[in-house]
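A short worksheet on the structure shown next.
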Amino acid sequence: DQQVKQNSPSLSVQEGRISILNCDYTNSMFDYFLWYKKYPAEGPTFLISISSIKDKNEDGRFTVFLNKSAKHLSLHIVPSQPGDSAVYFCAASAGLVSGAGSYQLTFGKGTKLSVIP
Amino acid sequence: DTGVSQDPRHKITKRGQNVTFRCDPISEHNRLYWYRQTLGQGPEFLTYFQNEAQLEKSRLLSDRFSAERPKGSFSTLEIQRTEQGDSAMYLCASRFANTGELFFGEGSRLTVL
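Sequence lines, in order, name chains A and B. For any residue, its number in the numbering used here is found by taking its place in the first sequence, counting from 1, and adding 15. For any residue, its number in the numbering used here is found by taking its place in the second sequence, counting from 1, and adding 2.
This is the structure in structure tokens:
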């Protein structure tokens, strides 16, 4: 039973345009959400996060939106650059806001983003 | 470099052999995690340490797997009697106290022939 779902295995975007990566979750106990970027043969690199008490968090070209009622979050990259080409993982954690639990992350299967020059 | 380091980066072994991976977390991080990633999947949680105490283990962690963090610093993950299904990338991550982000190492790729 996948608790974090990224339904698009791949996405191609022209350089300079917006990239929108989507993620859905089923566990209502999740209260902290993160996006990681992964290049081949490397470990995941933290990109941006959002707590369940917010609905938007912005960091430079990256913005994450959280819709708790729909159990949906999205990552917007504007403008997209060729160096953004990588696999993006959505991850969620339960208990971080409340202070309970191990804060282990549950990951989606990833979306491969290709930014075309 | 003060990030999470893992050793070895690649390991090829024959079925039935034992393998051990080492992880050195970021020095001030007291929480350490092991994950496994197979092709086309996201990282899957295996186990978690707070200082030297192993506080949580996934059902994925069969009895052939054992992890230790003897002095609350580096950690080892041992797989005994390896099987072809153990072939995967083993990722170590660490975090400090109640911060949200896990910082991952570059992973140890295991190939079981």
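Cβ atoms here follow ideal geometry from the backbone N, Cα and C, with glycine treated the same way. Values in this document were obtained by computation on a predicted structure and should not be read as measured data.
Could you say which of B/Asn20, B/Tyr37, B/Thr22 and B/Arg17 lies nearest to B/Phe106 if we only look at CA atoms? B/Tyr37
If we ignore side chains and look at the alpha-carbon of each, how far apart do A/Ile33 and A/Ser27 end up? 11 Å
Please classify B/Gln86: does DSSP put it in a helix, a strand, or coil? helix
In the DSSP assignment, what are the bridge partners of A/Val19? A/Tyr40
How many angstroms separate the CA atom of B/Ser7 from the CA atom of B/Leu63? 22 Å
Please specify which runs of the beta strand (DSSP E), each continuous and at least 3 residues long, are wholly inside the stretch 61-85 of chain B, giving them in chain order. 67-70 and 77-81
Report the residues of the stretch 40-58 of chain B with a CB closer than 7 Å to any CB of chain A, ordered along the chain. Gly42, Gln43, Gly44, Pro45, Phe47, Tyr50, Leu57 and Glu58
Beta-carbon spacing of B/Ser89, B/Glu80 below 7 Å: no
Please state whether DSSP places A/Asp99 in a helix, a strand or coil. helix
Let me know the beta strand (DSSP E) ranges lying completely inside the stretch 27-53 of chain B, each 3 residues or longer, listed in chain order. 33-39 and 46-52
Measure the beta-carbon distance from A/Lys52 to B/Gly44 and round it to whole angstroms, keeping in mind my assumption that it falls under 8 Å. Rounded, the Cβ-Cβ distance is 13 Å, inconsistent with contact.
So for A/Ser84, helix, strand or coil by DSSP? coil
Grouping DSSP H, G and I as helix and E and B as strand, with all else coil, what is A/Tyr51? strand
I want to verify the contact list: residues of chain B whose CB lies under 8 Å from the CB of A/Lys124, in sequence order. Gly42, Gln43 and Gly44
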